[in-house]
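Quick notes on the structure that follows.
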Amino acid sequence: MNIDAVVPVAYAMHASPKRYALLLGAGISVAAGLPTASDASGNMILAIAGGRGKKVERGENNKVCLAWFEEAFGEPATFQRLMQELGISEENRKDGLKRFIYKTDENGDPVPGIPTEAHRAIARLVKSGVISLIITTNFDTLMEEALRAEAVPYEVITEESDGRQMSVFPDRCRVLKVNGDFERGTLRITPEDLKHYPPAMEDYLRRIFGEYGLVTCGWSGSYDTHLVEILCAADIPRRYPVFCCRRNGGSVPPEICEALLPNGIDIDDADEFFTTLEAVIERFARFEPRTTLTVAAAVGKVRDALRDPRPDLLLSDLINTETDRIYQELASGSYRPDDDSEIVAQDYFKEVLDRLEHLTAPLASMTAMIAYYDNGVNTDLIVDAVGRLINIPSDPTRNLNTRSELGPKLYDALYRLRCYPALLVIYASGIAAVKKGHLGTLEAILTQPKIVSYINSSIKWMPYHDDVNTWSVIAQCPDWVLDCNYERYQQKVNVHYLLYRVVQSILQPVIPNELAYDGMFDTFEYLYGLSYLRLGPSPRDGISVANPPFPLLSRVWVKTVGFDRRFEGMGKYTFPEQVVSYLQNIQKKAEGSDFFDGDLQEFERQNRAFAKFFGIDAPDTRISLPRTY
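According to the numbering used here, the sequence shown is numbered sequentially starting from 347.
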């Protein structure tokens, strides 16, 4: 086969290890001589007909024998009914099914197949850390045998598995036998069986297709009707591309082409494809080892991607790989100290701040580049990254242990720092969008990601502003932040100064002018506050100009209203000149965009609501409202 055809998928899998799942069909086992699921169901029906003294033709795609079964028994064929008619019980299931599942020798006796070159190459790719999830519609055990031969631990998941096994976290090898395992449980081998899956399996597949890219091989989709429907569902987010192998000029199902725009790979057979794929990935690993991106390298990669004819493919891999890296670090809880650690809480807090900043800087710089140069085409990548980073799962048991050993102050601070990477991405990309005037992109960043909240025992998807803001995330221990400022920058200033300086370093390639950055930082925080007023809950008891909700507690508020009112002239919210100037031109900047859902009068209403809350005159936006307002 043409090696060049394998390079794109090999590079994608090398660049994003364990983020591409395999979807394997009957074609993967052709070289082992095993029948397809369709062949097996046809064989079972023909055996039932023979037992009744009937000679029935198989017909194309089993249509004739399936029609005979439905006419004879008054219902479509299902695996359970075929088992019943053949007298196969769970006790003799394995031996009873062998003659339909295995190939046979010259005497007609069943002979188990052996793993093919494709199976063995896949097992080696799992062992080397490239693949962690294998979805197969096959019910043979060849994949498991190949993994055992390589001494690779694995977990088989079927629809009967415990829901706790159905994880999308790439912490181990999982073999998902979506249509069942012939040795146990339900098999889905007839058209009737394949029309639906149990809710738990359907939910698991949806989560997989949302979290992983996909490489399909030996799978036509012709029979797995409901699997195709799930794969093509319009409401599943797509973080990585889909690659579909086409054997001997075959085609990809049209519904998959329309929904997923897959990258086609022409192959001769599965064995050659996977052995070639393994060789090309090994070559990439040898000459282009994976390294942690620097900010400069990250910016360069986005610039190169934006010049590519298909920037979406490259950007998707870049953004999702970095998001995965951060997500896995946070979800693992490795930033938390061991329960028996002897540490100084304040020093440890500063170490974690620094660690999370270095971890997030490449992603934040890339999302900022997209927000600045892309003008909305790939904004969904930023939205998706933020959405994942504000919903990091936690380990309640570990949290409680840490809290009891180290005290509630450090526990609370570290728990809130889980959202620090999200805060950096929001600020970096948001400020870049403000500077370039891409207010539609800003609208998406501020409104589309939602955080999971539990209200009256129900799960709700809510705006993130109350949980992801400077004060909620890093300023719960303001003295620690001020000391950190002094150690880094030789001045304490205020808690916003830390975020101001960290984001400034990330945005240096995009906004090198410090004066321009200063104005854009304050403008972004103001627009963030208006977004909160629009989306957030009604005002709560106890809030006031002197005690605003955290999303309104901006750098400008700290500098002009402040916490210390002993001095004359303090206490009145005052807009910086650059913010005033930006707002005077915001109508023109927002023209034709989705900013505030395209309703600039709603923007002006929130602008005036903000001013009313702080007892000041609203800045002039040159947007008029009806006189009745």
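For every residue, glycine included, the Cβ atom is placed at its ideal position computed from N, Cα and C. From a predicted model like this one, the values you see are computed outputs, not experimental measurements.
Contact check, residue i vs residue j under 8 Å by CB: the rounded distance?
i, j, result
"ILE852", "MET866", "About 13 Å separates the two Cβ atoms, so there is no contact after all."
"PHE425", "ILE535", "5 Å"
"ILE394", "LEU412", "ILE394 to LEU412, Cβ: 12 Å. No contact."
"ARG592", "ASP615", "About 12 Å; that fails the 8 Å criterion."
"VAL902", "GLY917", "Not confirmed; about 13 Å, so no contact."
"GLY531", "THR504", "5 Å"
"PHE941", "GLY776", "That pair is no contact at about 13 Å."
"THR622", "ILE349", "6 Å"
"ALA790", "VAL729", "5 Å"
"MET489", "VAL514", "The Cβ separation is near 19 Å, so there is no contact."
"ALA976", "ILE447", "No information on residue 976 is available, as it lies outside the stretch 347 to 975 that the chain covers here."
"ALA717", "ALA779", "4 Å"
"PHE620", "ALA497", "Going by Cβ atoms, the distance from PHE620 to ALA497 rounds to 19 Å, so no, they are not a contact pair."
"ALA361", "THR667", "6 Å"
"ILE962", "GLN947", "Their Cβ separation, rounded to whole angstroms, is 21 Å, which puts ILE962 and GLN947 out of contact at 8 Å."
"ASN840", "VAL926", "The Cβ separation is near 21 Å, so there is no contact."
Between the beta-carbon of residue i and the beta-carbon of residue j, is there less than 9 Å?
i, j, result
"LEU432", "GLY397", "yes"
"PHE921", "TYR872", "yes"
"LEU560", "ALA383", "no"
"VAL827", "TYR766", "no"
"GLU675", "LEU705", "yes"
"THR967", "GLN924", "no"
"ALA731", "ALA644", "no"
"ALA821", "LEU756", "no"
"GLY379", "TRP565", "no"
"GLY610", "VAL626", "no"
"LEU760", "ARG682", "yes"
"VAL476", "PRO363", "yes"
"LEU443", "PHE528", "yes"
"ILE481", "LEU428", "no"
"LYS935", "GLY783", "yes"
Taking 9 Å as the threshold (beta carbon to beta carbon), is residue i in contact with chain B?
i, result
"SER927", "Considering every chain present, this structure includes no chain B. It has just one protein chain."
What are the start and end residues of the alpha helix (DSSP H) that includes residue i?
i, result
"ALA367", "No alpha helix (DSSP H) holds ALA367; the beta strand (DSSP E) holding it covers 366-370."
"CYS830", "824-835"
"VAL561", "Taken as a continuous stretch (DSSP letters only), VAL561 belongs to no alpha helix (DSSP H), being part of the beta strand (DSSP E) at 559-563."
"ILE728", "725-735"
"ILE394", "383-397"
"GLY786", "785-793"
"THR622", "616-633"
"PHE867", "860-881"
"THR906", "901-906"
"CYS590", "First-last for CYS590: 588-593, but that is the beta strand (DSSP E), not the alpha helix (DSSP H)."
"PHE948", "In the sequence on display, residue 948 carries Glu and not Phe. Run containing GLU948: 946-960, per the alpha helix (DSSP H) assignment."
"TYR757", "754-763"
"TYR569", "Note, TYR569: premise wrong, no alpha helix (DSSP H); not H, not E."
"LYS781", "766-782"
Judging by CA-CA distance, which residue of the options is the nearest neighbour of residue i?
i, options, result
"ARG470", "ARG494, VAL353, PHE485, ILE481", "ARG494"
"ARG518", "ASP527, LEU577, PRO499", "PRO499"
"ASN319", "LYS918, ALA936, LEU876, PRO516", "The question about residue 319 has no answer here: the residues shown for the chain are numbered 347 through 975."
"GLU703", "LEU769, ILE665, TYR843", "LEU769"
"MET808", "GLN850, ASN831, ARG880", "ARG880"
"ALA631", "MET359, LYS934, VAL402, ASN407", "MET359"
"VAL574", "ALA605, SER507, ARG553", "ALA605"
"SER900", "ALA644, THR462, PHE960", "PHE960"
"ILE554", "ARG762, ASP654, VAL524, GLY567", "VAL524"
"VAL641", "GLU406, VAL849, GLY371", "VAL849"
"ASP812", "LYS905, TYR878, ILE805, PRO516", "TYR878"
"GLY679", "VAL698, ASN666, ASP693", "VAL698"
"HIS842", "TYR718, LEU479, PRO897, HIS542", "PRO897"
"ARG951", "GLY944, LEU971, SER939", "LEU971"
"VAL976", "ARG439, LYS440, PHE589", "No answer is possible for residue 976: it lies beyond the span of the chain, which begins at 347 and ends at 975."
"SER538", "ARG585, GLU421, GLN511", "Ser is not the amino acid found at residue 538; the sequence shown has Glu there. When each option's Cα is compared against that of GLU538, the closest is GLU421."
"LEU792", "TYR810, CYS830, GLY371, LYS806", "TYR810"
"TYR543", "PRO516, GLY567, THR571", "THR571"
"ASN859", "CYS823, LYS781, LYS905", "LYS781"
"ASN407", "LYS401, LYS838, PRO381", "PRO381"
Hey, could you find the ends of the beta strand (DSSP E) residue i is sitting in?
i, result
"MET808", "804-808"
"VAL521", "519-523"
"SER799", "797-801"
"THR482", "479-482"
"ASP612", "609-613"
"GLU436", "Where GLU436 is concerned, there is no enclosing beta strand (DSSP E), given that its DSSP letter is neither H nor E."
"TYR500", "500-503"
Say whether the segment 788-798 touches the segment 725-738, bearing in mind that this needs 3 or more beta-carbon pairs closer than 8 Å, one atom from each stretch.
Yes, the segment 788-798 touches the segment 725-738.
Do three or more CB pairs link the segment 643-663 to the segment 716-732 at distances below 8 Å?
Segments in contact, yes.
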